[in-house]
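Residue 72 in UniProt numbering is what sits at position 72 of the sequence shown, and the numbering runs on without skipping anything. First the structure, in the form of structure tokens, and then the observations on it.
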Amino acid sequence: MHLSLLTIAIVSLQVQAFKDTSPFLLFSSSLSNSIKQFPKEQIASRDRVLKTTELFLSECPSDAYLILLQPSISASQLSNKSSQIRQLSKNNHVKTQLSVRDTVGLKIEDGVRILRYLETNCGSKGVVGWPLDDIMGQKEPGKSLTVLNKLEENEIISDNSPVYDNLKSFMKLANYTLILVTTPKSAQETVLPIDEFQNMPSHIELRRGLTARGHVISSNADLRPLFEKYQFFNPGLFAGIMISIILLSILSIGIRAISSLEVSYSAFEKEMGPEKQKIQ
Numbered sequence: 001m002h003l004s005l006l007t008i009a010i011v012s013l014q015v016q017a018f019k020d021t022s023p024f025l026l027f028s029s030s031l032s033n034s035i036k037q038f039p040k041e042q043i044a045s046r047d048r049v050l051k052t053t054e055l056f057l058s059e060c061p062s063d064a065y066l067i068l069l070q071p072s073i074s075a076s077q078l079s080n081k082s083s084q085i086r087q088l089s090k091n092n093h094v095k096t097q098l099s100v101r102d103t104v105g106l107k108i109e110d111g112v113r114i115l116r117y118l119e120t121n122c123g124s125k126g127v128v129g130w131p132l133d134d135i136m137g138q139k140e141p142g143k144s145l146t147v148l149n150k151l152e153e154n155e156i157i158s159d160n161s162p163v164y165d166n167l168k169s170f171m172k173l174a175n176y177t178l179i180l181v182t183t184p185k186s187a188q189e190t191v192l193p194i195d196e197f198q199n200m201p202s203h204i205e206l207r208r209g210l211t212a213r214g215h216v217i218s219s220n221a222d223l224r225p226l227f228e229k230y231q232f233f234n235p236g237l238f239a240g241i242m243i244s245i246i247l248l249s250i251l252s253i254g255i256r257a258i259s260s261l262e263v264s265y266s267a268f269e270k271e272m273g274p275e276k277q278k279i280q
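Written as structure tokens, this is what we have:
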């Protein structure tokens, strides 16, 4: 009984741990040493994934960038389209790819962050929407082009969605980078509508006269969320949990086997002991 409760508790803990995760994908026709050095992990923090992505983009590797924003989706849902994604990853032009099945804490705003990064560091021209029919026509001489598009809910996994056909068209370009940013189902996004993004200023003035806080935070304090600061659920921990369950099962069987042993009371009576039997 206790073993069953322990197993249920462990499974519940694992489910809760992956509740706030969603996949992240990056495909590029350019080579990158920074992406190659990224460990092939099934789970990673948002901060780590974004920093690795920005390190790759700091080289301004492509002429065209496509950032797709897909809210409220899980890795298991996206895996239903694994054949299409596998076709994209096996494209002859793909030389670099970053694929994280479970990224903790991704937000829709992260796509905007990547766009701003490209505008600031690479002088890229940002375009909102899906101008794939004339994507190179939107490009200015001497500047790269970044397309930002927010998909409808479940659009990327819909059977009737033209997303993958459009992606194949985009990946026919000679020099490109494709980034898919998703958010978990439990995330509550408070983002401006995508059509208002064009009117959003690049720099927003900070409000002044805010009420002083009751405590002082050190400038060196790490304010990242707990799951981004520490990696709790790694393959070693899961292996340890599974081994513990097996050992507990063996121990439980052994205890029950010992407790079921029975010895007859007659074996302890003097009249029926071994000495008495020899005399007879």
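All C-beta atoms in this analysis are idealised placements derived from N, C-alpha and C, irrespective of residue type, glycine included. If you're wondering where the values come from, they're calculated on a predicted model, not measured in any experiment.
Please name the residue, chosen from the options, that lies closest to residue i on a Cα-to-Cα basis.
i	options	result
threonine 21	Leu178, Leu151, Leu78, Asn166	Leu78
threonine 177	Leu88, Asp159, Gln84	Leu88
alanine 174	Ile73, Glu262, Ile258, Val94	Val94
asparagine 33	Leu98, Asn80, Ile67, Ala64	Leu98
asparagine 92	Lys172, Tyr65, Leu248	Lys172
threonine 183	Leu151, Tyr164, Ser144, Leu261	Leu151
lysine 139	Ala75, Ser74, Leu66	Leu66
serine 74	Ser252, Ile35, Asn154	Asn154
residue 354	Ile179, Thr96, Ser161	Summary: the structure shown does not reach residue 354, with the chain confined to residues 1 through 280, and so no result is reported for it.
glutamate 119	Val100, Ser144, Ile108	Ser144
glutamate 54	Ser161, Leu26, Gly254	Leu26
isoleucine 108	Phe170, Asn80, Ser72	Ser72
threonine 96	Asn160, Ser58, Ile35, Ser76	Ile35
lysine 90	Lys168, Leu261, Asn80	Lys168
Expressed to the nearest angstrom, what Euclidean distance is found between the alpha-carbon atoms of residue i and residue j?
i	j	result
leucine 69	leucine 237	32 Å
isoleucine 85	tyrosine 117	26 Å
glycine 111	aspartate 47	13 Å
threonine 52	isoleucine 241	30 Å
asparagine 166	serine 28	16 Å
isoleucine 157	valine 147	21 Å
serine 62	leucine 50	18 Å
phenylalanine 56	proline 23	18 Å
leucine 248	leucine 31	48 Å
valine 128	lysine 185	24 Å
valine 163	valine 181	14 Å
isoleucine 245	alanine 239	10 Å
leucine 251	asparagine 149	56 Å
serine 45	proline 141	37 Å
valine 100	cysteine 60	22 Å
proline 235	isoleucine 243	12 Å
serine 76	isoleucine 255	40 Å
glutamate 161	asparagine 80	In the sequence as displayed, the identity of residue 161 is serine instead of glutamate. If I take the Cα positions, the gap works out to 14 Å.
serine 260	isoleucine 253	11 Å
isoleucine 43	alanine 257	41 Å
histidine 215	alanine 64	Note that histidine 215 scores 47 on pLDDT, short of 50, meaning its location in the model is unreliable and no value can be drawn from it.
arginine 113	aspartate 159	30 Å
glutamate 205	phenylalanine 170	With a pLDDT of only 39 at glutamate 205, under the threshold of 50, the placement of this residue in the model should not be trusted; the figure read from the coordinates follows. If I take the Cα positions, the gap works out to 36 Å.
Return the bridge partner residues of residue i from the DSSP annotation.
i	result
phenylalanine 27	Gln97, Leu178
isoleucine 85	Answer by DSSP bridge pairing: none, since isoleucine 85 is not bridged.
asparagine 149	Leu68
aspartate 102	Ile43
threonine 21	Val104
What residue does the alpha helix (DSSP H) around residue i start on, and which one ends it?
i	result
threonine 120	109-122
serine 169	163-170
isoleucine 250	235-259
lysine 51	46-57
Give the range of the beta strand (DSSP E) segment to which residue i is assigned.
i	result
glutamine 77	Premise fails: glutamine 77 lies in the alpha helix (DSSP H), 75-79, not in any beta strand (DSSP E).
glycine 129	Where glycine 129 is concerned, there is no enclosing beta strand (DSSP E), given that its DSSP letter is neither H nor E.
Shorter than 7 Å, the distance from the beta carbon of residue i to the closest heavy atom of the ligand GTP, or not?
i	result
phenylalanine 24	Because no ligand of any kind appears in the structure shown, any question about the ligand GTP cannot be addressed here.
- prompt: With contact counted as at least three CB pairs below 8 Å, one residue from each stretch, are the stretch 117-128 and the stretch 95-107 in contact?
  reply: no
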